[in-house]
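Student: Following the working numbering, the numbering of the sequence shown begins with -15 at its first residue and continues without gaps. Pasting a structure here, questions to come.
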Amino acid sequence: MITAKARAVDGPDKPFRAAEINRRDLDSHDVLIEIKYAGICHSDIHTAHGEWGPVNYPLVPGHEIAGIVTDVGAEVTKYKVGDRVGVGCMVDSCGECVNCRKGEEQYCLKGNIQTYAGVDKYGEPTQGGYSTHIVVTEGFVVRIPDNIELDVAAPLLCAGITTFSPLNHWGASPGKKVAVIGMGGLGHMAVQIAHAMGAEVTVLSQSLKKKDDGLQLGADHYYATSDPETFEKLAGSFDLIINTVSSAKIDMDAYFALLTLDGTLVNVGAPGEPLSLNVMSLIGHRRSFAGSMIGGIRETQEMLDFCAKHNIFPKIEVISADQIDEAYERVLASDVKYRFVIDTSTI
Ligand SMILES: [Zn+2]
Ligand SMILES: [Zn+2]
-15 MITAKARAVD GPDKPFRAAE INRRDLDSHD VLIEIKYAGI CHSDIHTAHG
35 EWGPVNYPLV PGHEIAGIVT DVGAEVTKYK VGDRVGVGCM VDSCGECVNC
85 RKGEEQYCLK GNIQTYAGVD KYGEPTQGGY STHIVVTEGF VVRIPDNIEL
135 DVAAPLLCAG ITTFSPLNHW GASPGKKVAV IGMGGLGHMA VQIAHAMGAE
185 VTVLSQSLKK KDDGLQLGAD HYYATSDPET FEKLAGSFDL IINTVSSAKI
235 DMDAYFALLT LDGTLVNVGA PGEPLSLNVM SLIGHRRSFA GSMIGGIRET
285 QEMLDFCAKH NIFPKIEVIS ADQIDEAYER VLASDVKYRF VIDTSTI
């Protein structure tokens, strides 16, 4: 067993505490990673608070992991000691089902193994990146290009791929009009990526508070959704809308009305409660309502290489391990520009 330091939470309303956790000894295809930085994703908060179903506490969240390889198993071929690598939201899958064989491991028919709050193939609970070390099979490790610093690389492993994958799948490109709902951790990545793909990008945010940032990151237009005129003005405008908001208190029909004929609205935010919608809003213009969850390992590597090529980096605030509880409160208050990243040397 390898002992790692970590920050764990013992219940839905408990604070984080220092902990020691075990990582398995390296199997032949395993890689040991010394974690340098771990991003704080909204999913960490939902899970830590038990909002997405029962959790086996103590829980170590974190699925935006960037670090350095410090040891490899006997048959590892992809990585060597010293390589800069990342791990995202999953650490394994069956590898045999039709979706795994397509490289869409996130949609594994047997369920992918989540980086934390999952159970690995040895029957042990998985624990995430708020930790000094992690052991992951090489097929679920990605390479971080040299021009991406490790602290800004971390949020790409969830926020980056979660927005890149639907933009890629639904063809954001020159001539396409793309809207992004929400200018937070996911939204500020979606804006940069959609812009780099050549689309005309509009941000739909509650207020105009972050307008300057949005335009600087590549948005062509920025509207406040608190202003009813926004919905009149933009009716029937967008080929693709990426909804990054994870609240169920959103008027979906108002947003469907912003789609063109054959337009698609994709939810990447995952509300804890069901959404309500009027199907008439879709029927009217043959519109689609879709969902998308992270991306496969091959696509995650494509995303990293794309971000490296286009100099796309998350905007981050680096914190120490003692500031996790405070950071959670600030994320819930939308008071972060735009992602907290834990410096794991402080764990
Ligand atoms: Zn996430
Ligand atoms: Zn599978």
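Using N, Cα and C, we set each Cβ at its ideal position, and we do this for glycine too. In this text, all values refer to a predicted model and were calculated from it rather than measured experimentally.
For the beta strand (DSSP E) that D14 lies in, which residues bound it at each end?
Tutor: That run of the beta strand (DSSP E) goes D14 to G23.
Student: Measure the alpha-carbon distance for L140 versus D211 and round it to whole angstroms.
Tutor: C-alpha separation (whole angstroms): 32 Å.
Student: Apart from the five residues just before and just after G112, which ones in its own chain have a Cβ nearer than 6 Å to its Cβ?
Tutor: Taken in chain order, the residues that qualify are V44, P45, G46, H47, T99 and Y100.
Student: Are the beta-carbon atoms of G253 and T228 separated by less than 8 Å?
Tutor: Yes, these two residues count as a Cβ contact at 8 Å.
Student: Work out the CA separation of A203 and P158 for me, nearest whole Å.
Tutor: Whole-angstrom Cα-Cα distance: 14 Å.
Student: With DSSP as the reference, please indicate the residues paired to L141 in a beta bridge.
Tutor: Paired residues: none, contrary to the question.
Student: Return the CA-CA distance between E283 and P150, expressed in angstroms with no decimal places.
Tutor: The alpha-carbon atoms of E283 and P150 are separated by roughly 11 Å.
Student: Grouping DSSP H, G and I as helix and E and B as strand, with all else coil, what is T121?
Tutor: DSSP places T121 in strand when its eight states are reduced to three.
Student: Taking the alpha carbon of G23 as the point to measure from, which residue in Y106, N262, V103 and D135 has its own alpha carbon closest?
Tutor: Of the candidates Y106, N262, V103 and D135, the one whose C-alpha sits nearest the C-alpha of G23 is D135.
Student: Does DSSP classify D223 as helix, strand or coil?
Tutor: D223 falls in the strand class under three-state DSSP.
Student: Got a sec: does ligand 1 put a non-hydrogen atom nearer than 7 Å to the Cβ of S27?
Tutor: True, at least one ligand heavy atom lies under 7 Å from that Cβ.
Student: Taking the runs of the alpha helix (DSSP H) that are 4 residues or longer, which of them lie wholly in the region 20 to 49?
Tutor: Listed in chain order, the complete alpha helix (DSSP H) runs (minimum 4 residues) inside the region 20 to 49 are 26 to 32.
Student: What beta strand (DSSP E) runs, 3 residues minimum, are completely inside the region 215 to 280?
Tutor: Those beta strand (DSSP E) runs which fall completely within the region 215 to 280 and span 3+ residues are 222 to 227, 243 to 251 and 272 to 275.
Student: Does the beta-carbon of Q200 have 16 or more other beta-carbons within 10 angstroms, so that it is buried, or is it exposed?
Tutor: Exposed, since its Cβ has fewer than 16 Cβ neighbours within 10 Å.
Student: Quick check on D196: does DSSP put it in helix, strand or coil?
Tutor: Of the three classes helix, strand and coil, the one that applies to D196 here is helix, per DSSP.
Student: Compute the minimum distance between the beta carbon of C78 and the heavy atoms of ligand 2, and state whether it is under 7 Å.
Tutor: It does: the Cβ of C78 is within 7 Å (strictly closer) of some heavy atom of ligand 2.
Student: I need the boundaries of the alpha helix (DSSP H) containing E310, first residue and last residue.
Tutor: Element bounds for E310: I308 to L316.
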